[in-house]
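K.L.:
Residue numbers (our numbering): 1071 to 1327.
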Amino acid sequence: MILVDKSNIQNIPFLHLVKEEYIDKPLPTCFFIHGFTSAKEHNLHYAYLLAEKGFRVILPDCLEHGERATGKSEYQLGEVFWKIVLNTIHELSVLKAHFEEKGLILPSGIGVAGTSMGGIVTLGALTQYQWISSAVSLMGNPTYVKFAKAQLSQVESLGYDIPFSQEEIDSMMNELAQYDLSLQPDKLGGRPLMFWHGKRDKVVPFNLTREFYDSILPYYQKNEDHLLFIEDDKADHKVTREGVLKLVEWFEKHLSA
1071 MILVDKSNIQ
1081 NIPFLHLVKE
1091 EYIDKPLPTC
1101 FFIHGFTSAK
1111 EHNLHYAYLL
1121 AEKGFRVILP
1131 DCLEHGERAT
1141 GKSEYQLGEV
1151 FWKIVLNTIH
1161 ELSVLKAHFE
1171 EKGLILPSGI
1181 GVAGTSMGGI
1191 VTLGALTQYQ
1201 WISSAVSLMG
1211 NPTYVKFAKA
1221 QLSQVESLGY
1231 DIPFSQEEID
1241 SMMNELAQYD
1251 LSLQPDKLGG
1261 RPLMFWHGKR
1271 DKVVPFNLTR
1281 EFYDSILPYY
1291 QKNEDHLLFI
1301 EDDKADHKVT
1311 REGVLKLVEW
1321 FEKHLSA
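#1: Determine which residues share a DSSP beta bridge with Trp1266 and list them.
#2: Between Val1206, Gly1179, Ile1286, Pro1233, which lies nearest to Gly1188 when the distance is taken from Cα to Cα?
#3: Inspect the beta-carbon positions of Leu1087 and Asn1113 and report whether they are closer than 8 Å.
#4: Val1127 lies in the beta strand (DSSP E); which residues open and close that run?
#5: Which stretch, first to last residue, makes up the alpha helix (DSSP H) that contains Asp1240?
#6: Does the segment 1186 to 1205 come close enough to the segment 1233 to 1240 to have 3 or more Cβ pairs within less than 8 Å?
#7: With a threshold of 6 Å on Cβ separation, who are the neighbours of Gly1268 within its own chain once the five nearest residues in sequence on each side are excluded?
#8: From Tyr1145 to Glu1134, what does the alpha carbon distance come to, in whole angstroms?
#9: If you measure between the beta carbons of Met1243 and Val1274, is that distance less than 8 Å?
#10: Out of Phe1265, Arg1138, Gly1148, Leu1073, which has the shortest C-alpha to C-alpha gap to Val1314?
#11: Spell out a yes or no on whether the segment 1222 to 1235 and the segment 1162 to 1170 are touching, meaning 3 or more CB-CB pairs, one atom from each, closer than 8 Å.
#12: Which first and last residues belong to the alpha helix (DSSP H) in which Val1314 is found?
#13: Please classify Ser1235: is it buried, with 16 or more other beta-carbons within 10 angstroms of its beta-carbon, or exposed?
#14: Just to confirm, is the Cβ distance from Val1191 to Thr1158 under 8 Å?
#15: Would you grab the beta carbon distance between Lys1110 and Phe1084 for me? Rounded to a whole angstrom, and I think it's under 8 Å.
#16: With contact counted as at least three CB pairs below 8 Å, one residue from each stretch, are the segment 1275 to 1294 and the segment 1170 to 1186 in contact?
#17: Starting from the C-beta of Pro1212, find all residues in its chain whose C-beta is less than 6 Å away, skip the five residues before and the five after it, and write them out in chain order.
#18: Assuming His1104 contacts Cys1132 under a Cβ cut-off of 8 Å, what Cβ separation, rounded to an integer in Å, is found between them?
#19: Counting C-beta neighbours from all protein chains within 10 Å, is the total for Leu1073 16 or more, i.e. buried, or is it exposed?
#20: Please name the residue in Arg1311, Gln1221, Trp1320 whose C-alpha comes closest to that of His1296.
#21: Going straight from the alpha carbon of Ser1326 to that of Arg1311, what length do you get?
#22: Taking the straight line between their C-alpha atoms, what separation do you get for Arg1138 and Cys1100?
#23: Kindly indicate which residue of Ile1079, Ser1223, Leu1119, Phe1125 has the alpha-carbon position closest to the one of Asp1094.
#24: Report all residues from its chain with a CB closer than 7 Å to the CB of His1115; omit the five preceding and five following residues, and keep chain order.
#25: With burial defined as no fewer than 16 other Cβ atoms inside 10 Å of the residue's Cβ, what is the status of Gly1259: buried or exposed?
#26: Look up Ala1183 in the DSSP assignment and give the residues it is bridged to.
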């Protein structure tokens, strides 16, 4: 039987899924981050399939999402998008420490994954934490600075006023650069990394992610099986069942005890 426990640590609500017989054992552990305007419960199908394979799975609610929502509109959430992303990266270390203190994590088996905004969080987290053993980005983007600039251009093209001063924008870009994996690909260190992305995605640009993947191929010359890019010609901004199953396969291969 798979247990689903709803809990909270330092004001971070999360779901914890694990097979009942493994509840007190140290296990390979996956942190799965939801997308923009989504919530932890919306990714239970990923968590269930991973827990079935013997993983411990943690699904947190990001700031302003799920149980932490404060009634902001989608436009208002967009104004604090990068604040949410960076906050979630920082909170990953809180969650990891919590389960580590309880002796429930295998240190050499920690995976991070997410969809859309969660994939963006995952790729940024790789610049901060060497303890991430393997990662999967579903419709994510590692090029924080380029993507943030593209978002601002889009806001302008739609005729909206940008709600930040130039000084604030410059400060934000400098901060985002510290988490931009495309600016520091050496931090990957050959760790297993899988991408899934639909070629018709109009929300998170396919091309930026594919260009990054092509640029890091030389870093994996001796470990080709540690890097994978799955593109779906027909998919837009929604992960197919094949994408879900490929994520599970990836962690089975690269996170097993």
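The beta-carbon is built from N, C-alpha and C at its ideal position, and this holds for glycine as well.
P.N.:
For this structure:
#1: For the purposes of this step, residue 1266 is identified with residue 196 of the sequence shown, where counting begins at 1. Assignment of beta-bridge partners to Trp1266 by DSSP yields Leu1208, Ile1300.
#2: Your numbering for residue 1188 matches position 118 in the sequence shown. Of the candidates Val1206, Gly1179, Ile1286, Pro1233, the one whose C-alpha sits nearest the C-alpha of Gly1188 is Val1206.
#3: As a first step, residue 1087 must be located in the sequence shown, where it is residue number 17. As a first step, residue 1113 must be located in the sequence shown, where it is residue number 43. It is not a contact, given that the beta carbons lie outside the stated cut-off.
#4: Here residue 1127 refers to the residue found at position 57 of the sequence shown. Per DSSP, the continuous beta strand (DSSP E) segment holding Val1127 begins and ends at 1126 to 1130.
#5: What you label residue 1240 is simply residue 170 of the sequence shown in a count that begins at 1. For Asp1240, the enclosing alpha helix (DSSP H) starts and ends at 1236 to 1247.
#6: The segment 1233 to 1240 and the segment 1186 to 1205 do not touch, with fewer than three beta-carbon pairs separated by less than 8 Å.
#7: As a first step, residue 1268 is located in the sequence shown; it is residue number 198 there, counting from the start. Its chain contains Asp1302, Ala1305, Asp1306 as the residues whose beta carbon lies nearer than 6 Å to that of Gly1268, once the 5 sequence neighbours on both sides are disregarded; these appear in chain order.
#8: Residue 1145 sits at position 75 when you count from the first residue of the sequence shown. Residue 1134 sits at position 64 when you count from the first residue of the sequence shown. Each residue's Cα considered, the two are about 13 Å apart.
#9: As a first step, residue 1243 is located in the sequence shown; it is residue number 173 there, counting from the start. As a first step, residue 1274 is located in the sequence shown; it is residue number 204 there, counting from the start. Not closer than 8 Å, so no.
#10: Along the sequence shown, one-based indexing puts residue 1314 at 244. If we check each option's Cα against that of Val1314, Phe1265 comes out closest.
#11: No, because fewer than three Cβ pairs between the segment 1222 to 1235 and the segment 1162 to 1170 fall closer than 8 Å, the two stretches do not touch.
#12: Reading the sequence shown from its first residue, position 244 is the one you call residue 1314. For Val1314, the enclosing alpha helix (DSSP H) starts and ends at 1311 to 1325.
#13: In the sequence shown, the residue the question calls residue 1235 occupies position 165. Counting Cβ neighbours within 10 Å, Ser1235 comes out exposed, since fewer than 16 surround it.
#14: Locating residue 1191 in the sequence shown gives position 121, counting from the first residue. Locating residue 1158 in the sequence shown gives position 88, counting from the first residue. Yes, Cβ-Cβ distance for Val1191 and Thr1158 is below 8 Å.
#15: As a working note, residue 1110 is residue 40 in the sequence shown. As a working note, residue 1084 is residue 14 in the sequence shown. The pair is a contact, with the Cβ atoms about 6 Å apart (cut-off 8 Å).
#16: Result no; under three Cβ-Cβ pairs closer than 8 Å.
#17: To locate residue 1212, count along the sequence shown from 1; it is residue 142. Apart from the 5 residues on each side of it in sequence, Pro1212 sits with its Cβ closer than 6 Å to the Cβ of Leu1193, Leu1251, Ser1252, Phe1282 in its chain, given in chain order.
#18: The residue labelled residue 1104 in the question sits at position 34 within the sequence shown. The residue labelled residue 1132 in the question sits at position 62 within the sequence shown. Taking 8 Å as the upper bound for CB-CB distance, His1104 and Cys1132 are in contact here, some 7 Å apart.
#19: If you number the sequence shown from 1, residue 1073 lands on position 3. Exposed, by the Cβ-count rule.
#20: As a working mapping, residue 1296 is identified with position 226 in the sequence shown. Nearest option by C-alpha distance: Trp1320.
#21: Walking along the sequence shown from the start, residue 1326 turns up at place 256. Walking along the sequence shown from the start, residue 1311 turns up at place 241. Between Ser1326 and Arg1311, the alpha-carbon positions lie close to 22 Å from each other.
#22: Locating residue 1138 in the sequence shown gives position 68, counting from the first residue. Locating residue 1100 in the sequence shown gives position 30, counting from the first residue. If you take the alpha carbons of Arg1138 and Cys1100, they lie about 22 Å apart.
#23: On the sequence shown, position 24 is the one that residue 1094 refers to. Asp1094 has its Cα closest to that of Phe1125, out of Ile1079, Ser1223, Leu1119, Phe1125.
#24: Position 45 of the sequence shown, counted from the first residue, corresponds to residue 1115. These residues qualify, in order along the chain: Val1314.
#25: Here the question's residue 1259 lines up with position 189 in the sequence shown. It is exposed - the Cβ of Gly1259 has fewer than 16 other Cβ atoms within 10 Å.
#26: In the sequence shown, counting from the first residue as 1, residue 1183 sits at position 113. Partner(s): Phe1102, Val1206.
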